[in-house]
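Colleague: Shown below is the structure under consideration.
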Amino acid sequence: SAANLEDRSCTYPAEAIKLGLLIPRTGPVAGLIGPAVQAASMAVADLNAMGGNFEIIEADSGCNGETATTGAQTLADAGVVGVIGAVCSAASHAANAILSAAGIPMISPTSRDPALSMAPDFYRVVPPATIQGPAMVTLMMSEGFANPALVYMTNDYGAGMGAVIGGYWAGAGGSVCTEIGYDEMQTDFSAEIQAIADAGCDSMVLVSYTDDGLALLEQMAFAGLGIPVIGMEALASEEVIGLSAAPYILNGLIAVKSRAASSFGDFNERCAADAECAGGVYTAETYDSVMIMGTAAMMEDGANMAEHMGMIGTYEGASGNHTFDANGDVAGSGFEFCTFDALSSVDVYFGCYDYWTLAGGMQETELTGMTVKIGFLNPMTGPIAVYAPGFAVAAQVALEMMNIGGWGAGLQFELVMVDSGCSGEVAAVGAQTLVDAGVVGVVGAACSGATAAANTILSAAGIPMISYASTNPGLSDPVAHPLFFRVVPSDAIQGPALADVVAADGGSNVALLYMTNDYGSGLADSFDAAWTEDGTALCAKIGYEDTITDFTSQVQQVMNANCDSVM
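Our numbering numbers the first residue of the sequence shown as -8 and each following residue consecutively.
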């Protein structure tokens, strides 16, 4: 941050200071790396805007030791003074052997392997896996895991994290139903899936990268193994949705990632507004890593970097407040528990709703965004009150889906339900109640008369409404009923359809019986117009109040007219 730089006595060389960026352009997490690269570019731009003179030299780490060794040597030969990366722990180990020998410090935005605490000139802005263990056990217990499978990659990161989770789980009195290691480049998981099914596991903890994790989850879904899964940070991103061939298989997956208890500066807002940065994983951590390395480089024009990195102490960053210990580790601010929710085969949402800290344990994330009120006119009294409970349940299901989808935008929705009574008088009172409650829109009413009366109140207040049932043709008049929408067709369409049905059924001398309310009269007029369009007369047209229960008179009129059918 600017404060970190202003506290130092800085000089700005004419020749650019080179910072290395060691990232997995190839390998199992390559699909996620684009936003982090953009974050690094934004950090360099910020350093230069503060008076620095930096450039980024990029090399591939490939998420494996061999590629990372080559990449690290390339960066050393290019004259970098410090390296940001690697992402994967195995790559960080291999790169560190090259870079530390050359006196070049490195800082990783992601690597968690506990053994890296002993690596020389190595720093990271995420806590080691040993700190994540208690968080994982708390989450497993809260989710009711009793007999989980522990599945992990056999590389440094996977094996290290798997051992930590298994150790803490055993320490809490738990046991795993099976423990399975696999190669990070593996693509066929049929044997592992069968082993998990045969062992009768009720859940799974998966330590994976992105590609292998998605492959395993997809094959589990297609094999019908539907057990709860907790995954790691490589799956904890909205970007993962677009990388899956069948995103709905992510439904219910919980993924764990580092939490930022506080954020300094405006990077996160700028990242969210940048198409290349938004939605990425570890963007804030990458940004902070570049800024920290740049801060150290500004102390002496990139010279004596190992000494100056050790002088950083505490850094207030976009991903949190980072205090480095003697090993270059940070304690972190806990972990976020994020969930994927699939509303359909294509509508999948990602949100982080709970978190864990060492001091406070499991806690619910506090919503800081806006709560939006939606009004609902439900006929809880009147002639169709029997349907009101079903309408209410459907509305609540929709509300839950909206809250899953809207959470990422900082929105929560609240439903304000009132009685419409299937009458204009009751609906008008209900509409005014909704206006006073501050709703932004209204769903309903069901009955056309209630809808017309409510629209008079709501449209005057500038509040749109959308009906799930009202079909009176008159409601289509935008002058008489402004701001009105509906998801059912007008009876101007249904009347001709009914006339065709009656004719196809052999009716020729038809009696038309209808309620004299807005719904009944509207549909009756539409049917009448369609039936008589070619000059054919109705046998009889008989209206009645929708509250009557004795139809003797109406039936007698049909019989007296010798009608052959009744609409």
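C-beta atoms are modelled at their ideal positions from N, C-alpha and C, and glycine is treated no differently. Quick caveat: nothing in here was measured; it's all calculated off a predicted structure.
1) Which whole-angstrom value describes the C-beta separation of Ala502 and Cys554, a residue pair presumed to lie in contact below a C-beta threshold of 8 Å?
2) Give the single residue among Met132, Asp292, Glu229 whose Cα lies nearest to the Cα of Met195.
3) Looking only at its chain, what residues have a beta carbon closer than 8 Å to the beta carbon of Gly22, apart from the 5 residues adjacent to it on each side?
4) Measuring straight from C-alpha to C-alpha, what distance separates Asp320 and Glu57?
5) Using a 10 Å radius around the Cβ and a threshold of 16 neighbouring Cβ atoms, would you call Pro105 buried or exposed?
6) Return the first residue and the last residue of the beta strand (DSSP E) that Tyr340 is part of.
7) In this structure, how does DSSP classify Cys329 when only helix, strand and coil are distinguished?
8) Please give me, in chain order, every unbroken run of the beta strand (DSSP E) with length at least 3 that falls completely inside the region 200 to 283.
9) Let me check understanding here. Comparing Cα to Cα, which of Ile375, Ala385, Phe367 lies closest to Gly421?
10) Gly323 to Ala452, Cα distance in whole Å?
11) What are the start and end residues of the alpha helix (DSSP H) that includes Tyr510?
12) For a test of the three-state rule: what should DSSP assign to Gly435, helix, strand or coil?
13) What number of angstroms, rounded off, separates the C-alpha of Asp525 from the C-alpha of Thr543?
14) On a Cα-Cα basis, can you pick out the residue from Cys54, Pro96, His84 that is closest to Gly11?
15) In whole angstroms, what is the alpha-carbon distance linking Phe213 and Val78?
16) Counting pairs of beta carbons, one from the region 146 to 159 and one from the region 238 to 256, are three or more of them closer than 8 Å?
17) Counting Cβ pairs closer than 8 Å, one from the region 286 to 295 and one from the region 105 to 118, do we hit at least three?
18) Under the three-state reduction of DSSP, which class applies to His313: helix, strand or coil?
19) What separation, rounded to the nearest whole angstrom, lies between the Cα atoms of Asp51 and Glu224?
20) What does the alpha-carbon distance come out to for the pair Leu207 and Asp265?
21) Tell me which residues share the same chain as Glu6 and place their Cβ nearer than 8 Å to its Cβ, disregarding the 5 neighbours each side in the sequence.
22) Val198 lies in the beta strand (DSSP E); which residues open and close that run?
23) Give the C-beta separation of Val493 and Met558 to the nearest angstrom, bearing in mind that I take them to be a contact with Cβ-Cβ under 8 Å.
24) Any idea what DSSP makes of Ser556, helix, strand or coil?
25) Might you give, ordered along the chain, the residues of its own chain that have their beta carbon closer than 8 Å to the beta carbon of Ala287, omitting 5 neighbours on each side?
26) Could you name the residues of the same chain whose beta carbon sits closer than 6 Å to that of Gly270, not counting the 5 residues immediately before and after it, in chain order?
27) Give the range of the beta strand (DSSP E) segment to which Ser99 is assigned.
28) Under DSSP, the alpha helix (DSSP H) around Ala460 begins and ends at which residues?
29) Going along the chain, which residues of its own chain have a beta-carbon closer than 6 Å to the beta-carbon of Gly511, five neighbours each way excluded?
30) Going along the chain, which residues of its own chain have a beta-carbon closer than 7 Å to the beta-carbon of Asn446, five neighbours each way excluded?
31) Between Asn242 and Ala333, how many whole angstroms is the CB-CB distance? I'm expecting something under 8 Å.
32) How would you write the range of the alpha helix (DSSP H) that Pro125 sits in, first residue to last?
33) Under the assumption that Gly311 contacts Trp347 (Cβ atoms under 8 Å), give the Cβ distance between them as a whole number of angstroms.
34) Which residues share a DSSP beta bridge with Ile47?
35) Can you tell me where the alpha helix (DSSP H) with Thr305 in it begins and where it stops?
36) Any heavy atom of the ligand NAD closer than 7 Å to the CB of Gly153?
Modeller: The relevant details are as follows:
1) As a position in the sequence shown, residue 502 is number 511, starting the count at 1. As a position in the sequence shown, residue 554 is number 563, starting the count at 1. Confirmed, Cβ separation roughly 4 Å.
2) As a position in the sequence shown, residue 195 is number 204, starting the count at 1. Residue Met132 is the option with its Cα nearest to Met195.
3) By 1-based counting over the sequence shown, the position of residue 22 is 31. Contacts found: Thr201, Asp202, Glu230, Leu234.
4) Here residue 320 refers to the residue found at position 329 when the sequence shown is read from its first residue. Here residue 57 refers to the residue found at position 66 when the sequence shown is read from its first residue. Whole-angstrom Cα-Cα distance: 25 Å.
5) Along the sequence shown, one-based indexing puts residue 105 at 114. So Pro105 ends up on the buried side.
6) In the sequence shown, the residue the question calls residue 340 occupies position 349. Unbroken beta strand (DSSP E) run through Tyr340: 339 to 348.
7) In the sequence shown, the residue the question calls residue 329 occupies position 338. Reduced to three states, the DSSP call for Cys329 is strand.
8) 220 to 222, 245 to 249
9) Within the sequence shown, the letter at position 430 stands for residue 421. Of Ile375, Ala385, Phe367, the residue nearest in Cα terms is Phe367.
10) In the sequence shown, the residue the question calls residue 323 occupies position 332. In the sequence shown, the residue the question calls residue 452 occupies position 461. Those two C-alpha atoms are separated by around 50 Å.
11) Position 519 of the sequence shown, counted from the first residue, corresponds to residue 510. Residues 509 to 522.
12) By one-based count along the sequence shown, residue 435 stands at place 444. In this structure, Gly435 counts as coil in the three-state DSSP scheme.
13) The sequence position of residue 525 within the sequence shown is 534, counting from 1. The sequence position of residue 543 within the sequence shown is 552, counting from 1. Spanning the two alpha carbons is a distance of roughly 32 Å.
14) Translated into the one-based positions of the sequence shown, residue 11 becomes position 20. Of the candidates Cys54, Pro96, His84, the one whose C-alpha sits nearest the C-alpha of Gly11 is Pro96.
15) For the purposes of this step, residue 213 is taken as residue 222 along the sequence shown, with counting starting at 1. For the purposes of this step, residue 78 is taken as residue 87 along the sequence shown, with counting starting at 1. About 31 Å.
16) no
17) no
18) As a first step, residue 313 must be located in the sequence shown, where it is residue number 322. His313: strand per DSSP, three-state reduction.
19) By 1-based counting over the sequence shown, the position of residue 51 is 60. By 1-based counting over the sequence shown, the position of residue 224 is 233. Their backbone Cα atoms lie some 20 Å apart in a straight line.
20) Position 216 of the sequence shown, counted from the start, is the residue given in the question as residue 207. Position 274 of the sequence shown, counted from the start, is the residue given in the question as residue 265. So the alpha carbons of these two residues sit roughly 32 Å apart.
21) Against the sequence shown, residue 6 aligns to sequence position 15. Here the set comprises Asn44.
22) Counting from one through the sequence shown, the residue named residue 198 turns up at place 207. Val198 -> beta strand (DSSP E) spans 194 to 198.
23) By one-based count along the sequence shown, residue 493 stands at place 502. By one-based count along the sequence shown, residue 558 stands at place 567. Indeed, because the Cβ distance is near 6 Å, the residues count as touching under 8 Å.
24) Working through the sequence shown from its first residue, we reach residue 556 at position 565. Strand.
25) Within the sequence shown, the letter at position 296 stands for residue 287. Same-chain partners within the cutoff: Gly73, Pro96, Met296, His299, Met300, Met302, Ile303.
26) Locating residue 270 in the sequence shown gives position 279, where the first residue counts as 1. Hits under 6 Å: Glu229, Glu230.
27) Translated into the one-based positions of the sequence shown, residue 99 becomes position 108. Its beta strand (DSSP E) spans residues 97 to 99.
28) For the purposes of this step, residue 460 is taken as the residue at position 469 of the sequence shown. Counting along the chain, Ala460 falls outside any alpha helix (DSSP H), and DSSP gives it neither H nor E.
29) Stepping through the sequence shown from its first residue, residue 511 is reached at position 520. Counting only Cβ-Cβ distances below 6 Å, and skipping sequence neighbours, we find Tyr505.
30) Position 455 of the sequence shown, counted from the first residue, corresponds to residue 446. Contacts found: Met456, His472, Phe475.
31) Here residue 242 corresponds to residue number 251 of the sequence shown, with the count starting at 1. Here residue 333 corresponds to residue number 342 of the sequence shown, with the count starting at 1. Contact holds; Cβ gap of about 4 Å.
32) As a first step, residue 125 must be located in the sequence shown, where it is residue number 134. Run containing Pro125: 120 to 133, per the alpha helix (DSSP H) assignment.
33) Within the sequence shown, residue 311 is the residue found at index 320, counting from 1. Within the sequence shown, residue 347 is the residue found at index 356, counting from 1. No, Gly311 and Trp347 are not in contact; Cβ-Cβ is about 15 Å, not under 8 Å.
34) On the sequence shown, position 56 is the one that residue 47 refers to. Ile47 is bridged to Leu10.
35) Against the sequence shown, residue 305 aligns to sequence position 314. Note, Thr305: premise wrong, no alpha helix (DSSP H); beta strand (DSSP E) at 305 to 308.
36) Questions concerning the ligand NAD fall outside what the structure shown contains, since it holds no ligand whatsoever.
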